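Trainee: In the working numbering, the protein residues as written are 127 to 307.
Questions regarding the structure given below will be posed in turn.
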């Protein structure tokens with residue numbers, strides 16, 4: 127009979143996500159993961175196959191717990207949801223921006239299933255943004271506009287690594303005003 131695990135999976139995923147977010151996939155070692163999570167290598171390997179699996183599970187955990195889906199799914203659908211979604215990253219605690227967006231910097235070296243999950247995540251957001259645009263009365267080019275919002279949001283996530291949220295509020299407000307025209 128094996129030993130009972132002495133850690134909570136969600137705690138490990140939260141700590142590992144913060145580490146991957148800070149250092150990136152390539153620069154995070156198993157030793158780093160042991161230190162960050164407080165779980166030794168055998169404990170991590172009892173729960174996950176390898177570093178790639180830990181990263182993938184961190185992305186899944188982040189996707190499930192990120193407030194963006196809730197914001198964009200709030201009734202009534204419309205422009206307020208888009209504004210709230212765009213400004214949500216400015217109030218996050220811990221790491222800056224969006225874990226998914228920040229992870230895109232390493233897309234070429236990420237595990238295949240992580241790339242697939244990130245693509246799925248992006249498509250889910252595009253659909254929700256487009257639904258809110260249509261509810262706001264935008265009738266044409268909603269797919270292109272949703273894509274622009276996602277691209278701008280990813281840029282804001284990256285800029286948050288170097289700038290204060292208050293410095294980006296003007297950019298977000300200006301961008302949203304331009305979209306309304």
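Positions of the beta carbon are idealized from the N, C-alpha and C atoms, including for glycine.
Nothing here was measured: the structure is a model prediction, and the numbers come from that model.
Rounded to whole angstroms, what's the CA-CA distance from residue 266 to residue 145? Just pull it up for me.
Mentor: As a first step, residue 266 must be located in the chain shown, where it is residue number 140. As a first step, residue 145 must be located in the chain shown, where it is residue number 19. Between residue 266 and residue 145, the C-alpha separation is close to 41 Å.
Trainee: For the pair the region 183-196 and the region 221-239, tell me if three or more CB-CB distances fall below 8 Å.
Mentor: yes
Trainee: Within 10 Å of its beta-carbon, does residue 245 have 16 or more other beta-carbons around it, so buried, or fewer, so exposed?
Mentor: Your numbering for residue 245 matches position 119 in the chain shown. Burial call: exposed.
Trainee: For residue 259, which option in 248, 273, 247 has the closest C-alpha, if you only look at C-alpha atoms?
Mentor: Taking the first residue of the chain shown as 1, we reach residue 259 at position 133. For residue 259, the nearest C-alpha among the options comes from 273.
Trainee: What does the alpha-carbon distance come out to for the pair residue 217 and residue 294?
Mentor: As a working note, residue 217 is residue 91 in the chain shown. As a working note, residue 294 is residue 168 in the chain shown. In this structure, the CA atom of residue 217 is about 12 Å from the CA atom of residue 294.
Trainee: Tell me the DSSP secondary structure of residue 138 in three-state form.
Mentor: The residue you call residue 138 lines up with position 12 of the chain shown. In this structure, residue 138 counts as helix in the three-state DSSP scheme.
Trainee: DSSP three-state call for residue 133: helix, strand or coil?
Mentor: The residue labelled residue 133 in the question sits at position 7 within the chain shown. Three-state DSSP puts residue 133 in coil, outside helix and strand.
Trainee: In this structure, does DSSP put residue 153 in helix, strand or coil?
Mentor: Translated into the one-based positions of the chain shown, residue 153 becomes position 27. Coil at residue 153, not helix or strand.
Trainee: Is the number of C-beta pairs between the region 151-165 and the region 130-142 that are closer than 8 Å three or more?
Mentor: yes
Trainee: Please give the ranges of any alpha helix (DSSP H) in the region 167-202, keeping only runs that are unbroken, at least 4 residues long and fully inside the region.
Mentor: 167-173, 177-191, 194-198
Trainee: Could you check where the alpha helix (DSSP H) with residue 246 kicks off and where it finishes?
Mentor: Reading the chain shown from its first residue, position 120 is the one you call residue 246. Per DSSP, residue 246 belongs to the alpha helix (DSSP H) from 238-261.
Trainee: I'd like to know whether the C-beta atoms of residue 275 and residue 255 end up nearer to each other than 8 Å.
Mentor: Taking the first residue of the chain shown as position 1, residue 275 is located at position 149. Taking the first residue of the chain shown as position 1, residue 255 is located at position 129. Yes, these two residues count as a Cβ contact at 8 Å.
Trainee: Suppose you measure from the CA of residue 305 to the CA of residue 278; what does that come to, to the nearest Å?
Mentor: Your numbering for residue 305 matches position 179 in the chain shown. Your numbering for residue 278 matches position 152 in the chain shown. Answer to the nearest angstrom: the Cα atoms are 12 Å apart.
Trainee: Using a Cβ-Cβ cut-off of 6 Å (strictly less than) and excluding sequence neighbours within five positions of residue 127, which residues of its own chain qualify?
Mentor: Numbered from 1 along the chain shown, position 1 holds the residue referred to as residue 127. For residue 127, the pLDDT reaches just 46, beneath the cut-off of 50, and the residue's location in the model is therefore unreliable, leaving the point undetermined.
Trainee: Kindly indicate the opening and closing residues of the alpha helix (DSSP H) around residue 280.
Mentor: By one-based count along the chain shown, residue 280 stands at place 154. 268-285 is the span of the alpha helix (DSSP H), which, as asked, contains residue 280.
Trainee: Quick one: is residue 300 buried, meaning 16 or more other Cβ sit within 10 Å of its Cβ, or exposed?
Mentor: In the chain shown, counting from the first residue as 1, residue 300 sits at position 174. Looking at its Cβ environment, which holds fewer than 16 other Cβ atoms inside 10 Å, residue 300 is exposed.
Trainee: Would you kindly work out how many angstroms separate the C-alpha atoms of residue 302 and residue 213, rounded to a whole number?
Mentor: In the chain shown, residue 302 corresponds to position 176, counting from 1. In the chain shown, residue 213 corresponds to position 87, counting from 1. If I take the Cα positions, the gap works out to 11 Å.
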